[in-house]
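Encoded as structure tokens, the structure appears first; notes follow it.
Protein chains: 2
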Amino acid sequence: MKPVGTDTTVGFIGIGVMGKSMASHLLEGGFSLNVYNRTKDKAKELIKRGAHWCDNPGKVASDSDVVITIVGYPSDVEQIYLGDDGILHHLSPGNIAVDMTTSSPQLAARIYHKAREKGVAVLDAPVSGGDIGAKEGKLSIMVGGDEDVFNAVMPIFSLMGKNIVYQGSAGSGQHCKMANQIAIASTMLGVCESIRYAEKAGLDPGTVLETIASGAAASWSLSNLGPRIINGNFEPGFYVKHFIKDMRIALESSEEIGLSAKGLALAKSMYEELAEQGGENFGTQALYKNYL
Amino acid sequence: MKPVGTDTTVGFIGIGVMGKSMASHLLEGGFSLNVYNRTKDKAKELIKRGAHWCDNPGKVASDSDVVITIVGYPSDVEQIYLGDDGILHHLSPGNIAVDMTTSSPQLAARIYHKAREKGVAVLDAPVSGGDIGAKEGKLSIMVGGDEDVFNAVMPIFSLMGKNIVYQGSAGSGQHCKMANQIAIASTMLGVCESIRYAEKAGLDPGTVLETIASGAAASWSLSNLGPRIINGNFEPGFYVKHFIKDMRIALESSEEIGLSAKGLALAKSMYEELAEQGGENFGTQALYKNYL
Chain W
1 MKPVGTDTTV
11 GFIGIGVMGK
21 SMASHLLEGG
31 FSLNVYNRTK
41 DKAKELIKRG
51 AHWCDNPGKV
61 ASDSDVVITI
71 VGYPSDVEQI
81 YLGDDGILHH
91 LSPGNIAVDM
101 TTSSPQLAAR
111 IYHKAREKGV
121 AVLDAPVSGG
131 DIGAKEGKLS
141 IMVGGDEDVF
151 NAVMPIFSLM
161 GKNIVYQGSA
171 GSGQHCKMAN
181 QIAIASTMLG
191 VCESIRYAEK
201 AGLDPGTVLE
211 TIASGAAASW
221 SLSNLGPRII
231 NGNFEPGFYV
241 KHFIKDMRIA
251 LESSEEIGLS
261 AKGLALAKSM
271 YEELAEQGGE
281 NFGTQALYKN
291 YL
Chain F
1 MKPVGTDTTV
11 GFIGIGVMGK
21 SMASHLLEGG
31 FSLNVYNRTK
41 DKAKELIKRG
51 AHWCDNPGKV
61 ASDSDVVITI
71 VGYPSDVEQI
81 YLGDDGILHH
91 LSPGNIAVDM
101 TTSSPQLAAR
111 IYHKAREKGV
121 AVLDAPVSGG
131 DIGAKEGKLS
141 IMVGGDEDVF
151 NAVMPIFSLM
161 GKNIVYQGSA
171 GSGQHCKMAN
181 QIAIASTMLG
191 VCESIRYAEK
201 AGLDPGTVLE
211 TIASGAAASW
221 SLSNLGPRII
231 NGNFEPGFYV
241 KHFIKDMRIA
251 LESSEEIGLS
261 AKGLALAKSM
271 YEELAEQGGE
281 NFGTQALYKN
291 YL
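Just so you know, the protein sequences line up as chains W and F, in that order. Heads up: the first sequence begins at 1 in UniProt numbering, then just goes up one per residue. Heads up: the second sequence begins at 1 in UniProt numbering, then just goes up one per residue.
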């Protein structure tokens with residue numbers, strides 16, 4: 001494993017809202033950057049700033065020392081890593097791949113083991129903090145895999161995040177992200193029910209929010225999403241459709257490790273209902289709309 | 001309505017853990033105090049410090065200008081206010097009664113209207129902040145009833161609390177408290193599921209907690225009760241049995257105002273399960289025990 005330094009070439013696959021900000025910090029940090037995205041247009045600005053375009057993920061892999069991926073669904077991750085022309089075919093011994101997609105912990109472990117057979121190190125390193133955290137380089141990064149690889153990649157992580165924590169063996173980063181999403185899922189039920197209750201009871205929900213948001217009912221969701229709900233603002237900070245994806249992974253993973261996560265199951269089913277009624281592109285606070 | 005001043009005699013019914021601290025602040029504040037409690041023993045210290053003992057609630061009512069009640073269940077509130085020898089029979093026009101029990105909003109409105117026929121003003125003013133908030137005089141007090149009465153009683157409230165907010169007409173204080181408990185109920189599902197998930201996934205739950213407790217999953221419950229769960233500490237900050245009482249009121253009230261509070265219903269049923277298995281005297285964090 002080559003130490004990561006400014007002579008390290010980093011590959012970046014997945015230039016979405018998150019990926020674009022994250023890759024941008026790597027350019028600013030002085031790394032030579034290879035990029036690929038399904039829609040080339042989204043990589044234009046990075047290319048203008050010096051990133052090298054690659055026509056496919058395999059090319060990114062063969063031309064880079066460390067490859068970072070942040071894509072959509074576990075199926076995309078599986079395709080990119082393990083597919084017929086997946087990056088595992090193109091990475092060389094000593095290379096490192098880091099999947100920062102929120103994806104399945106079980107898939108992460110599977111990729112880790114496949115890669116290891118080839119002498120390639122893989123970390124799972126999903127993030128939280130959203131587009132603002134990505135833009136400001138203040139993401140939380142939850143990392144699973146080998147600890148020496150985690151340490152080696154730290155110069156790259158530290159350009160993108162602030163709260164960067166090693167969680168354990170392969171898949172542990174994803175598991176930690178799932179624990180995060182599980183905590184949020186039921187909290188959202190409480191926030192939306194509470195505000196709807198206040199309104200239906202004839203109270204002023206803003207006054208109620210001010211009263212309860214600093215005590216034992218306090219939560220990030222109540223303080224940050226509560227006011228948006230009251231103002232009828234359902235614009236996405238975090239998309240309903242993306243949260244549903246995460247909750248599906250979390251519920252599958254819960255079942256796999258033998259946990260009956262009833263709050264999560266309820267939240268997931270209600271968000272799916274919301275999506276079926278056309279709410280998939282709202283922000284997660286739109287769960288409120290389920291409470292008629 | 002006589003203005004509340006240091007010549008006001010205050011009656012206090014219900015000298016439990018909360019009531020004792022609250023009444024103590026009123027004594028320190030210079031009020032003349034009449035007290036009654038089902039178990040006289042619990043009032044001993046207050047009596048030693050100058051409070052006058054009354055043999056029944058009616059005596060408290062007839063000897064006081066402002067009567068405060070903080071008892072157990074809505075059935076106790078109903079008995080004390082509307083029972084055959086209830087305080088409404090003993091209060092005089094111009095007197096004020098303040099129920100600080102967490103109780104039914106609908107009952108609060110009923111008592112308000114009965115009292116009004118007699119020229120007696122009633123506020124519903126449940127609190128949050130627990131025994132520590134009561135001891136430190138830092139309770140949140142959520143008040144329903146007439147606003148001029150709320151203003152008149154402020155010198156008394158301000159000795160017991162910090163965050164004292166008028167919520168609207170009779171019952172609104174209770175409704176606000178219910179909104180608070182509804183937000184907490186589902187959040188507790190999320191907190192317990194998240195920690196149990198982390199453990200079952202083989203992660204170090206303390207590390208996970210540190211990682212997620214300051215981001216979008218942040219909540220008072222996660223930060224304050226999460227560490228207790230991890231340390232196997234299920235001692236009561238807030239008793240399971242009291243939370244169940246509150247959730248029953250909240251669910252009944254939700255049904256009454258036409259809200260299907262599914263998260264609340266799930267949390268309530270799980271806490272009831274916990275109580276049936278002998279957990280009623282644990283703290284609310286013991287919900288964790290339901291996740292095997």
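For glycine and all other residues, C-beta sits at the position ideal for the given N, C-alpha and C. Note that the coordinates shown come from a computational prediction; the quantities given were computed from them, not determined experimentally.
Integer Cβ distance of residue i from residue j, believed to fall under 8 Å
i, j, result
"residue 264 of chain F", "residue 186 of chain F", "7 Å"
"residue 107 of chain W", "residue 74 of chain W", "5 Å"
"residue 295 of chain F", "residue 21 of chain F", "Because chain F here runs from 1 to 292, residue 295 of chain F falls outside it and cannot be looked at."
"residue 99 of chain W", "residue 77 of chain W", "6 Å"
"residue 173 of chain F", "residue 167 of chain F", "5 Å"
Own chain residues within Cβ distance below 8 Å of residue i, not counting five before or after
i, result
"residue 148 of chain F", "1"
"residue 52 of chain F", "32, 33, 34, 35 and 63"
Pairwise C-alpha distance: residue j and residue i
i, j, result
"residue 245 of chain F", "residue 192 of chain F", "20 Å"
"residue 175 of chain F", "residue 250 of chain F", "8 Å"
"residue 6 of chain W", "residue 84 of chain W", "32 Å"
"residue 105 of chain F", "residue 125 of chain F", "10 Å"
"residue 131 of chain W", "residue 63 of chain W", "28 Å"
"residue 10 of chain F", "residue 31 of chain F", "7 Å"
"residue 291 of chain W", "residue 96 of chain W", "47 Å"
"residue 224 of chain W", "residue 270 of chain F", "28 Å"
"residue 154 of chain F", "residue 123 of chain F", "12 Å"
"residue 15 of chain W", "residue 143 of chain W", "21 Å"
"residue 169 of chain F", "residue 196 of chain F", "42 Å"
"residue 109 of chain W", "residue 212 of chain F", "22 Å"
"residue 214 of chain W", "residue 230 of chain W", "17 Å"
"residue 82 of chain W", "residue 120 of chain W", "13 Å"
"residue 151 of chain W", "residue 277 of chain F", "46 Å"
"residue 71 of chain W", "residue 279 of chain F", "45 Å"
"residue 91 of chain W", "residue 226 of chain F", "41 Å"
"residue 114 of chain W", "residue 12 of chain W", "21 Å"
"residue 266 of chain F", "residue 233 of chain W", "28 Å"
"residue 56 of chain W", "residue 177 of chain W", "28 Å"
"residue 239 of chain W", "residue 257 of chain F", "30 Å"
"residue 165 of chain W", "residue 217 of chain F", "16 Å"
"residue 17 of chain F", "residue 23 of chain W", "57 Å"
"residue 8 of chain F", "residue 282 of chain F", "40 Å"
"residue 237 of chain W", "residue 287 of chain W", "13 Å"
"residue 179 of chain W", "residue 203 of chain F", "10 Å"
"residue 210 of chain W", "residue 112 of chain F", "25 Å"
Close beta carbons around residue i, own chain, < 6 Å, minus the five adjacent residues each side
i, result
"residue 198 of chain W", "205 and 208"
"residue 54 of chain F", "34, 36 and 60"
"residue 43 of chain F", "15, 35 and 37"
"residue 102 of chain F", "126, 177 and 246"
Own chain residues within Cβ distance below 7 Å of residue i, not counting five before or after
i, result
"residue 140 of chain F", "127, 128, 129, 161 and 163"
"residue 156 of chain F", "4, 10, 26 and 66"
"residue 94 of chain F", "1, 2 and 119"
"residue 272 of chain F", "244"
"residue 146 of chain F", "121"
"residue 221 of chain W", "184, 187, 188 and 191"
"residue 289 of chain F", "274 and 279"
"residue 159 of chain F", "25, 26, 29 and 137"
"residue 49 of chain F", "27"
"residue 297 of chain W", "Residue 297 of chain W cannot be examined here, being either before or after the span of chain W that is shown, 1 to 292."
"residue 254 of chain F", "261 and 264"
"residue 241 of chain F", "275, 280 and 281"
Output the residue ranges of the beta strand (DSSP E) runs that lie fully inside the segment 145-175 of chain W and measure 3 residues or longer, sorted by chain position.
The segment 145-175 of chain W is shown to contain whole beta strand (DSSP E) runs of 3 or more residues at 161-168, in chain order.
Can you check the segment 64-89 of chain F for any alpha helix (DSSP H) of at least 4 residues that lies completely inside it and give the ranges in chain order?
74-82
Mind listing which residues of the segment 28-55 of chain W have their C-beta closer than 9 Å to chain F's C-betas, in chain order?
none
Between the segment 157-176 of chain W and chain F, which residues of the former have CB atoms less than 7 Å from a CB of the latter, in chain order?
163, 165, 167, 168, 172, 175 and 176
Which residues, in chain order, does the segment 181-197 of chain F contribute to contact with chain W at a C-beta distance below 9 Å?
181, 182, 183, 184, 185, 186, 187, 188, 189, 190, 191, 192, 193, 194, 195, 196 and 197
Whole beta strand (DSSP E) elements within the segment 9-56 of chain F, 3-residue minimum:
9-13 and 32-36
In the segment 257-274 of chain F, which residues sit with their C-beta less than 8 Å from some C-beta in chain W, listed in chain order?
257, 258, 259, 260, 261, 262, 263, 264, 266, 267 and 270
Start-end ranges of the beta strand (DSSP E) lying completely within the segment 184-226 of chain W, minimum 3 residues
none
Scan the segment 204-221 of chain W for residues whose Cβ lies nearer than 8 Å to a Cβ of chain F and list them as they occur along the chain.
204, 207, 208, 210, 211, 212, 214, 215, 216, 217, 218, 219, 220 and 221
Using Cβ-Cβ distances below 7 Å, what residues of the segment 131-155 of chain F are close to chain W?
140 and 142
Residues from the segment 62-75 of chain W in contact with chain F, defined by Cβ distance under 9 Å:
none
Where the segment 88-110 of chain W meets chain F: residues whose CB sits under 9 Å from a CB there:
105
Closer than 7 Å, Cβ to any Cβ of chain W: which residues of the segment 232-255 of chain F, in chain order?
254
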